Each structure stands twice: as C-alpha cells, then as structure tokens.
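J.: The opening residue of the sequence shown carries number 1486 in the numbering used here; numbering runs sequentially from there.
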Amino acid sequence: MVERETPPFDLIPSQVISPSLQPYIQEWLNWLTIEKNVSPHTVSNYSRDLAAFFSFLPQYHQEIMTLDVLKKVSLQDLRAYLTHRATKKISNRSNARALSSIRSFMRYLHRHYQFENQSFERIKTPKLPKTLPRPLATDDALSIVEAESSLQEEWINARNQALFALLYGAGLRISEALGLHQSDIQHNQLNLKVRGKGNKERLVPLLPEVLKRIELYLSLLPFACTPKDPLFIGAKGKRLNPGIAQKELRHLRLQLGLPESATPHSLRHSFATHLLASGGDLRTIQELLGHVSLSTTQRYTEIADSKLMELYSQVHPRAQKK
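#1: Determine the DSSP secondary structure at Val1695, reduced to helix, strand or coil.
#2: Would you call the region 1693 to 1706 and the region 1639 to 1655 in contact, with 3 or more CB pairs under 8 Å?
#3: Does the count of Cβ pairs from the region 1635 to 1642 and the region 1659 to 1667 closer than 8 Å reach three?
#4: Within a Cβ cutoff of 6 Å, which residues of the same chain sit near Pro1620, ignoring the five residues on either side of it in sequence?
#5: Quick check: what's the CA-CA separation for Leu1517 versus Gly1742?
#6: Roughly how many angstroms lie between the CA atoms of Asp1534 and His1672, to the nearest whole one?
#7: Let's see if you can read the secondary structure: which residues bound the alpha helix (DSSP H) around Arg1592?
#8: With a 10 Å radius around its C-beta and 16 neighbouring C-beta atoms as the bar for buried, classify Arg1738 as buried or exposed.
#9: Residues bridged to Glu1686 by DSSP?
#10: Got a sec? Which residues, its chain only, sit under 8 Å from Ala1565 by beta carbon, not counting five neighbours each side?
#11: Quick one: residues in its chain with C-beta nearer than 8 Å to the C-beta of Lys1688, no 5 flanking neighbours on either side, listed in chain order?
#12: Where does Pro1744 sit, in a helix, a strand or coil, going by DSSP?
#13: Hey, quick one: how far does the alpha helix (DSSP H) through Asp1669 stretch, first residue to last?
#14: Could you check whether Arg1588 and Phe1605 sit closer than 7 Å to each other, using their CB atoms as the reference points?
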C-alpha cells in the first residue's frame, strides 16, 4: 500500500498562531490522512477552513492563537465568525463545511488531549436549502457520451467519450474516475474496483459499451503508458485534471444546447435516477454509488416521485384544469 503524504499546515502567517499550537494541527492532519483515510482534497479543504478561522480570531481578539485562547472562544465569537463570512457572500453550505472542519479539530483535541470548550458543539450549523439532484434526460445524457468536438484531436474526443460513458454507465464521481489507473482496466472484465470517499473500495459493473469506449480511447492514446499510470490522461501526458474535464463538458453543453445543470456530476445523478426509474432496487443503487447512508440515496426517489406527478398533471384527465 502506498503511503500518503500529509500536507504541512502552512496556510497562515506565523505571527497569528503560536508555535506551540502547530504540532497539534499537524497531528490532526496526519490523523485525518492516515487513520481516517480522508482524501487529499478533503484534507486540503479542512486545513484551509481551519486556517481561515485562525486568521480571523486574532483580529477579533487581538491575541495570538494558543490552546488557552481556543478554550476561551465563546458562542458570540463563533457567531461573529459566521457573520463575517456571510457578509463576504460565502454560502451557508460552505459555512457549514467550515464549521465541520473546525469541530473536527476541536474534537480531536478533546479526544486526545482532554481539550474542553462546549461552544464549538453548541453553535448551530447554518441551515442548508433542501435541494434535489438534477439529472439529465436519457437522450441528453447519451448525447454527451456520443458527442465529438471538431476542435479536439481524435484521441481527446475518444477520451472524453470514455470518461463521460463511465460516469453515466457506472455512476462514478469525477474524482473516482480520474483516480483510476491503466491496470484497473482489463479486456472482457465485468466489474471495476473503485476507491471512493474515505478510501473505501466498491465493485461496480462495467458495461460492455463503456469498456468498448475505454479500449478505443486507449488504442488512440499517443503516450506510452505503464500499468501504474493514470487511466485518463491530459494533453501533456499527465493525469487529467478535473477542471479540464468540467471544461470539456461545458463546451459540449453549449454545442448540444443543454442546460447549465449538465455537469460531470449530473451524469452520476442521471445514472442513479434512470436506474431507479427502470425498477432498480434502492439498496443496490446505494452500494453502486458508494453512499454510506441510505437516506442519501433516497433523494432519488423524490426525483422519481416528482417526475411521476409532473407526468400525471400533464396527461391524467382528472388533473386537467377545468
């Protein structure tokens, strides 16, 4: 197993944080990375969230950050921080994540060093709007998988088709698909081992049509690759960046006249919604998506119900307005 390197906590000026606090932060980052198997992306977000909080408090309290200062943080201080972020037009979703990151560090201190400050538990998490996933129509999802850009090289078009086919055909997250390696794909294989959130592995079926597109892309790839190399390669021969994949889909979206909701993640939503609409079992879909909680997967039943009611209102004679 490859050891993962923990990023150093060096995001804020040393003059606002005591050197005595640094080791605790680094221990927490190590714990997230090694013990909790948190993804590098999430560790980076947690680190930035804590850095932003630690940058705010010295301005508010006029004190350098130490454990003793953290023990004195009040509900009023935390509310002031959330208000400060809200005035900068930062969304409730981002503020909720920031609060979760801060709590994670405080709970680590409590568990390992008997740190006590109930303010971090008592502060209310900002309310999040209840939103449903926004899947694409079947024809729209398929049009993305089959689309080609006249501005791209043949192998890049084949790569994009293979990637988007994998997202729609297997319900992968973009990070999961781009985390695959050449060795993960074998001729005539039926399943694909995916490493998802929390470094947890799951098996998903690999449809013949999806495998066919991946093999076509690999046959056109202009780079010599080893089994350890990334499956999806960018124009410079390195692992494909998620931002580039999103940009490619935006171009296709404009080319095909699709709504702004057409994103790489919407293909995953479409996979789940279309599978459920075709009679798929909710537990099976939960396993395929890698959801820890069934309640997360149950959101797709609300989409199916809303579509059913929409159809009912359009065609049922008793639903028509007199």
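Just so you know, even glycine gets a beta-carbon here, dropped at the ideal spot from N, CA and C. Source: prediction; values computed, not measured.
T.: Quick answer:
#1: helix
#2: yes
#3: no
#4: His1754, Ser1755 and Thr1758
#5: 42 Å
#6: 44 Å
#7: Asn1577 to Tyr1598
#8: buried
#9: Arg1680
#10: Tyr1545
#11: Note on identity: in this sequence residue 1688 is Leu, with Lys being the wrong assignment. Excluding positions up to five away in sequence, the list reads Asn1676, Leu1677, Lys1678 and Val1679.
#12: coil
#13: Taken as a continuous stretch (DSSP letters only), Asp1669 belongs to no alpha helix (DSSP H), as it is neither H nor E.
#14: yes
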